[in-house]
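Add 86 to the 1-based position in the sequence shown for my numbering, that's all there is to it. Working notes for the structure below.
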Amino acid sequence: MKKYVLVGCGMRGVLSYAVPMVKEFSDCAELAGVYDPNKGRMKLVSRLCEKEIPAFDDFDTMLDTVKPDAVIVTPRDCDHAEYVLRAMEKGYDVIVEKALTTTFENAVKIREMKEKTGKNLTVTFNLRYHPLYKRLKELIASGVVGKVLSVHFEWLLNTNHGADYFRRWHSRRECSGSLLVHKSTHHFDIINWLLEEKPVRVNAFGTLRFYGPNREERGERCLTCPYKKKCRFYMDIEADDELRQFYYENEAEDGYIRDRCVFSDEISIEDSVAVNVEYSGGAIMNYSLTAHSPYEGCRLVINGTDGRLEATERKDQIVDYKEVSAQEVLIFNRRGEKIRMEIPLGNGGEGHGGADEMIRDSLFRGLSNDTLGQNASAEAGIMSIAIGMAANISMKEKRQVAIGEFLEELKEY
Ligand SMILES: NC(=O)c1ccc[n+]([C@@H]2O[C@H](COP(=O)([O-])OP(=O)(O)OC[C@H]3O[C@@H](n4cnc5c(N)ncnc54)[C@H](O)[C@@H]3O)[C@@H](O)[C@H]2O)c1
């Protein structure tokens, strides 16, 4: 039986780790403590787990009291480094949500702390467990397209999911590092993992022309907005059980308003980005992220010496926001053949296409073998955010950015 503590009692921490740990992994994992500056959200953990979970007023006291086998870190992205560093320094292994951190400075500190303490650090890149991306890893590793020469990767967020990043802390660059760090860390990790190369140079453009102060009719938050009856982005924070319990009922404590206007002039991130990346082995990538698409999904094209692979994930949004999902892979080889595969989702599509269920199994029960390398290391965490952080600098300074300017080992490129 392993003991865990959790810092960050938001939806991800509680619904994806705390509750499943208590309800599905009680034979091998004990949730022995939680910490969040918001006491109301800490209390909610016990309510949703249907079991009394010790709640601590202070992170260090929690570690010193519980002495856990590992610390699960799930607050806002900008807070990760603080807890990762303190946990490792005190001698504990860490499981941290993506994005590992939001700055190069903290990435280097985490790497140095890991080297100094020898503690384990796992970044929970759940997309590596998604059936589509797992299959792509197997296919690329088996050499279906030969050596990878170039990648085109388009990621689409619809106006349900995409808009949600513009309502809360994600919309502030200092909290999330922008979507290029917060969201794209998943996508850059997948490409780094498939290519087994390091990103070395980045060029990026980005705009905020859909959300943000691009509409006259806007308010401070949905709850009090004079336009709520006609706004298609209206979100009823009182009607939705989860939003109400997690956020609305606890907002007096810390001022975390979950239903801020997606057209606010305080938004400081982009909703459309275009990024070019050059890799250490010579591969190049075109990547784009759109946060206001009519449907959600991605299109990933990999061109290699022996052929081409096209992967599509498409979630059509039906009127009531239910989604219909389809995953397909096409491989074109040099013999003029076309091979088509449909990739079914796991767990009925629940929890990021079944990925969350698989990664929890791996975290709490352990993979019998990890031949594909789905268990992501601190280095993987650093290399994926490196692209997003370099892209942020590229946009700000209007120049191509070498990752070696910030990470010593890539200086030669
Ligand atoms: N892998 C995935 O698919 C996935 C999905 C969703 C979220 N996430 C990640 O999980 C993390 C949490 O996201 P969320 O959606 O639960 O956000 P959330 O806003 O619901 O929760 C954030 C929590 O952090 C707490 N917090 C704020 N400041 C803090 C501080 N200084 N110290 C400790 N806690 C603090 C807040 O009170 C809140 O309870 C983020 O890092 C996010 O990137 C990952």
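From the three backbone atoms N, C-alpha and C, an ideal C-beta is built for every residue, glycine too.
Of the listed residues the options, nearest to residue i (C-alpha basis)
i, options, result
"Ala360", "Ile473, Leu281, Leu218 and Leu213", "Ile473"
"Val500", "Glu224, Tyr90 and Gly177", "Lying outside 87 to 499, the shown extent of the chain, residue 500 is not represented and no answer is given."
"Val487", "Gly434, Tyr342, Tyr365 and Asp402", "Tyr365"
"Ile353", "Glu396, Ser264 and Ala441", "Ser264"
"Lys482", "Glu283, Lys129 and Asn289", "Asn289"
"Met371", "His238, Gly298, Thr391 and Asp402", "His238"
"Arg318", "Glu396, Cys308 and Ala185", "Cys308"
"Leu386", "Arg254, Ser374 and Ser262", "Ser374"
"Val100", "Asp402, Lys205 and Phe332", "Phe332"
"Gln229", "Pro430, Ile388 and Arg253", "One detail in the question is off: residue 229 reads as Gly in this sequence, not Gln. Checking every option, the nearest Cα to that of Gly229 belongs to Ile388."
"Glu382", "Asn212, Ala249 and Glu302", "Ala249"
"Tyr215", "Glu494, Ser463, Ile489 and Leu458", "Leu458"
"Lys184", "Thr147, Asn244 and Thr271", "Thr271"
"Tyr90", "Gly96, Met97 and Cys114", "Cys114"
"Ile471", "Ile355, Gly204, Gly232 and Asp275", "Asp275"
"Glu116", "Asp456, Leu134, Cys135 and Met87", "Met87"
"Val363", "Glu110, Gly177 and His273", "His273"
"Asn278", "Gly298, Gln460, Arg330 and Lys484", "Gln460"
"Val131", "Gly96, Ile425, Gly292 and Asn212", "Gly96"
"Gly204", "Thr188, Leu213 and Gly177", "Gly177"
"Ser350", "Tyr297, Cys384 and Cys135", "Tyr297"
"Gly437", "His247, Gly367, Asn212 and Thr245", "Asn212"
"Ser246", "Ile425, Arg485, Ala466 and Ser379", "The question names Ser, but residue 246 in the sequence shown is Asn. Closest option to Asn246, Cα to Cα, is Ser379."
Cβ separation of residue i and residue j, assumed to be a contact under 8 angstroms, to the nearest whole Å
i, j, result
"Ile196", "Ala167", "6 angstroms"
"Arg420", "Gly440", "Not quite, the Cβ-Cβ distance comes to about 34 angstroms (not below 8 angstroms), so this is no contact."
"Ala118", "Pro154", "6 angstroms"
"Tyr499", "Val286", "4 angstroms"
"Arg221", "Ile468", "Their Cβ separation, rounded to whole angstroms, is 26 angstroms, which puts Arg221 and Ile468 out of contact at 8 angstroms."
"Val267", "Asp357", "About 15 angstroms separates the two Cβ atoms, so there is no contact after all."
"Met199", "Leu171", "5 angstroms"
"Arg253", "Asp345", "6 angstroms"
"Ala464", "Leu280", "Not really, about 19 angstroms apart at Cβ, beyond 8 angstroms."
"Arg330", "Glu337", "That belief does not hold up - the Cβ atoms of Arg330 and Glu337 are roughly 10 angstroms apart, past 8 angstroms."
Euclidean distance between Cα positions of residue i and residue j
i, j, result
"Val93", "Phe142", "10 angstroms"
"Ile445", "Thr210", "7 angstroms"
"Glu339", "Asn124", "7 angstroms"
"Tyr313", "Glu306", "11 angstroms"
"Trp241", "Glu260", "23 angstroms"
"Leu294", "Phe418", "37 angstroms"
"Lys129", "Val120", "9 angstroms"
"Tyr169", "Ala227", "35 angstroms"
"Val231", "Val108", "43 angstroms"
"Gly435", "Glu443", "10 angstroms"
"Gln413", "Glu399", "5 angstroms"
"Val234", "Glu283", "10 angstroms"
First through last residue of the beta strand (DSSP E) which encompasses residue i
i, result
"Gly383", "Glu382 to Gly390"
"Leu207", "Leu207 to Thr210"
"Asp179", "Asp179 to Glu183"
"Arg259", "Run containing Arg259: none in the beta strand (DSSP E); it sits in the alpha helix (DSSP H), Arg259 to Ser262."
"Thr293", "Pro285 to Thr293"
"Tyr251", "From DSSP, Tyr251 is part of no beta strand (DSSP E); its letter is neither H nor E."
"Ala462", "Taken as a continuous stretch (DSSP letters only), Ala462 belongs to no beta strand (DSSP E), as it is neither H nor E."
Residue i Cβ short of 7 angstroms to ligand 1 heavy atom set
i, result
"Trp241", "no"
"Arg57", "Residue 57 is absent from the structure shown; the chain starts at 87 and stops at 499."
"Arg524", "Within the shown structure, residues of the chain are numbered from 87 to 499, placing residue 524 beyond reach of any answer."
"His268", "yes"
"Ala185", "yes"
"Val131", "no"
"Tyr342", "yes"
"Pro217", "no"
"Thr293", "no"
"Cys311", "no"
"Cys95", "yes"
"Asp122", "yes"
"Thr376", "no"
"Pro161", "yes"
"Arg172", "no"
"Gly422", "no"
"Gly99", "yes"
"Glu165", "Inspection of the sequence shows that residue 165 is occupied by Asp rather than by Glu. Indeed, a heavy atom of ligand 1 lies less than 7 angstroms from the Cβ."
"Phe332", "yes"
"Thr210", "yes"
Where the alpha helix (DSSP H) containing residue i begins and where it ends
i, result
"Leu222", "Pro217 to Ala227"
"Lys109", "Val105 to Glu110"
"Lys484", "Element bounds for Lys484: n/a, residue is neither H nor E."
"Gly437", "Glu436 to Gly439"
"Asn278", "Ser270 to Leu281"
"Val131", "Lys125 to Cys135"
"Tyr334", "First-last for Tyr334: undefined, no H or E at that position."
"Phe145", "Phe145 to Val152"
Test: residue i CB closer than 8 angstroms to a CB of chain D
i, result
"Val348", "Protein chain content of the structure displayed is limited to a single chain, and chain D is not contained in it."
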